[in-house]
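Visitor: Have a look at the structure that comes next, please.
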Amino acid sequence: MTGHSAEARTADGAGLGWYLYGVLDPAAERNDVAAGPSVDPDHEVMVLVEGRLAALASEVSLDEFNETVLPERLNDPAWLEAKIRAHEQVLEHALDKTAVVPFRFCTVYRSEAELRSFLAEKGQLLEDALASVRGKVERGVKAFADRDALSAGLGTRSDAVREQEQRVEAAQGGRKYMEERRLQQLLDDELARARSDYASSIHARLLEAAEDGVLNPPQSPELSGRDEQMLLNGAYLVPAAAGDFDAAFEALAREYGALGVTLELTGPWPPYNFVPRELGES
Amino acid sequence: MSSRELDMYTARQPAQLADVLERVLDKGIVVAGDIQINLLDIELLTVKIRLLIASADKAREMGIDWWEGDAFLSRRDGENGLEQRLRRLERSAGLEPDDSSEK
């Protein structure tokens with residue numbers, strides 16, 4: 006399979022396009038960075054060198070990847086999961102060997118010429134993006150806390166809570182019910198404060214061991230697949246060969262484990278969270 | 013180190029779908045211009061897709077396919093919506109719709 010079929014089209018304009026996974030250093034071409042399975046199993050992943058950059062790309066059928074059918078495909082969970090995972094695995098395979106600037110899902114060009122002209126046109130911006138992630142990978146850290154575990158880990162109560170507990174003790178009937186509700190509210194506030202304090206301290210400590218970091222919105226239990234509330238969903242840019250970040254994570258996991266908080270480390274990921282969202286004008 | 017702690021440290025692979033989706037659909041460079049696919053479609057669908065994917069496996073286990081009833085997610089339901097409008101029009105025109113058009 007070569008790049009020369011890129012211009013192949015049927016009479017109605019469909020045919021093959023080029024799916025762009027990411028941008029790499031041209032030297033990566035010698036490193037066996039391109040590996041399947043691609044998003045279109047009929048076509049293998051390739052490295053296209055253009056000047057001082059290289060594209061990690063594969064040909065795709067424009068019958069499958071075009072703006073008319075894509076919205077429908079995206080609603081097919083099986084299709085979406087397969088393609089999303091292929092996109093990720095292509096990038097992860099390259100990430101083991103070289104720096105990667107990841108592109109968002111479904112970046113498709115009509116021809117190899119259009120893909121190459123994009124690389125040439127945005128060359129400097131892409132080189133800058135590549136320079137900022139060279140030798141680095143992204144790690145994900147999530148923190149979860151079960152309400153009861155968090156409550157138990159909190160230990161001593163505030164004065165306000167203790168005073169309210171006494172009021173509950175002393176009250177009777179309808180009054181007791183109201184005081185109990187008030188106590189519950191105080192406890193909820195206290196737990197919310199703890200979650201937020203823990204999240205910012207954990208994030209700050211991880212940042213010390215990382216080159217950069219961002220906080221993403223915590224995933225809902227439905228999304229995370231866990232019953233406990235997620236209180237931190239962070240992404241961190243760290244040296245690919247880092248031991249410091251892992252050590253910081255392990256220390257935090259022990260420390261916060263005692264407070265009822267479970268930490269989870271993911272990655273190494275391509276640095277999705279540390280490349281520009283959009284490329285400006287060159 | 014306890015085995016529970018070990019589990020926490022080694023809980024890397026395979027990546028959870030939610031984590032992959034969050035990155036591949038939401039992050040990375042977005043290019044507009046001489047590109048074939050309109051990424052706006054994806055942006056608009058992202059939130060719904062996330063919920064859908066997170067729930068799909070669980071839902072399937074339970075024999076539920078709720079997304080097929082969601083007009084936003086299902087082209088078919090969009091057509092059903094059209095069918096309903098058509099039926100209303102037919103009724104108001106005094107034409108009883110054929111039962112086979114009901115699902």
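Residue numbers (my numbering), protein chains in the order written: chain L, 6 to 287; chain G, 13 to 115. Glycine residues also receive a C-beta, built at the ideal position from the N, C-alpha and C atoms. None of the values given here were measured: they were computed from a predicted structure.
(1) If we cut at 9 Å on Cβ distances, does residue 116 (chain G) have a partner in chain L?
(2) Any Cβ of chain G within less than 9 Å of the Cβ of residue 237 (chain L)?
(3) Looking at the strands, I want to know which residues DSSP matches up with residue 64 (chain L).
(4) Quick one: which chain G residues come within Cβ less than 8 Å of residue 103 (chain L)?
(5) Take residue 67 (chain G) and list the residues in its own chain whose beta-carbon comes closer than 7 Å to its own, dropping the five residues that flank it on each side.
(6) Given a cut-off of 9 Å, decide if residue 52 (chain L) and residue 43 (chain L) are closer than it, judged by their beta-carbon atoms.
(7) In whole angstroms, what separates the C-alpha of residue 93 (chain L) from that of residue 45 (chain L)?
(8) Is the Cβ-Cβ distance between residue 55 (chain L) and residue 124 (chain L) less than 9 Å?
(9) How is residue 194 (chain L) classed by DSSP in three states: helix, strand or coil?
(10) Examine the Cβ distances between the segment 265-284 of chain L and the segment 143-161 of chain L and report whether three or more of them are shorter than 8 Å.
(11) Run through the DSSP bridge pairs and tell me what residue 43 (chain G) is partnered with.
(12) What would DSSP say about residue 148 (chain L), mapped onto helix, strand or coil?
(13) Exposed or buried, residue 112 (chain L), counting other C-beta atoms within 10 Å across all chains shown (16 or more means buried)?
(14) For residue 235 (chain L), count neighbouring C-beta atoms within 10 Å of its own C-beta (all shown protein chains included) and say buried if the count is 16 or more, exposed if not.
(15) Return the residues of the segment 87-114 of chain L that lie within a Cβ-Cβ distance of less than 7 Å from chain G, sorted by chain order.
(16) Tell me whether residue 73 (chain L) is buried or exposed, calling it buried when 16 or more other Cβ atoms sit within 10 Å of its Cβ.
(17) Comparing the CB of residue 215 (chain L) with every heavy atom of the ligand GTP, is any distance shorter than 8 Å?
(18) By DSSP's criteria, residue 141 (chain L) is part of a beta bridge. Which residues make up the other side?
(19) Report buried or exposed for residue 187 (chain L), applying the criterion of at least 16 other Cβ atoms within 10 angstroms of its Cβ.
(20) Within 9 Å of any Cβ in chain G, is that where the Cβ of residue 274 (chain L) sits?
(21) Between residue 284 (chain L) and chain G, is the shortest Cβ-Cβ distance under 9 Å, so that the two count as touching?
(22) Could you tell me whether the Cβ atoms of residue 150 (chain L) and residue 267 (chain L) are closer together than 9 Å?
Guide: Well, looking at it:
(1) Absent from the structure is residue 116 (chain G), since the part of chain G shown begins at 13 and ends at 115.
(2) no
(3) L:23
(4) None at all; the shortest Cβ gap to chain G is about 17 Å.
(5) A caution first: residue 67 (chain G) carries a pLDDT of 47, below 50, which makes its placement in the model unreliable, though a value can still be read off. So the list is empty, once near-sequence residues are dropped.
(6) no
(7) 13 Å
(8) yes
(9) helix
(10) yes
(11) DSSP lists no partner for residue 43 (chain G).
(12) strand
(13) buried
(14) buried
(15) 89, 90, 92, 93, 106, 107, 108, 109, 110, 111, 112, 113, 114
(16) exposed
(17) Here there are no bound small molecules, and the ligand GTP is not part of this structure.
(18) L:244
(19) exposed
(20) yes
(21) yes
(22) yes
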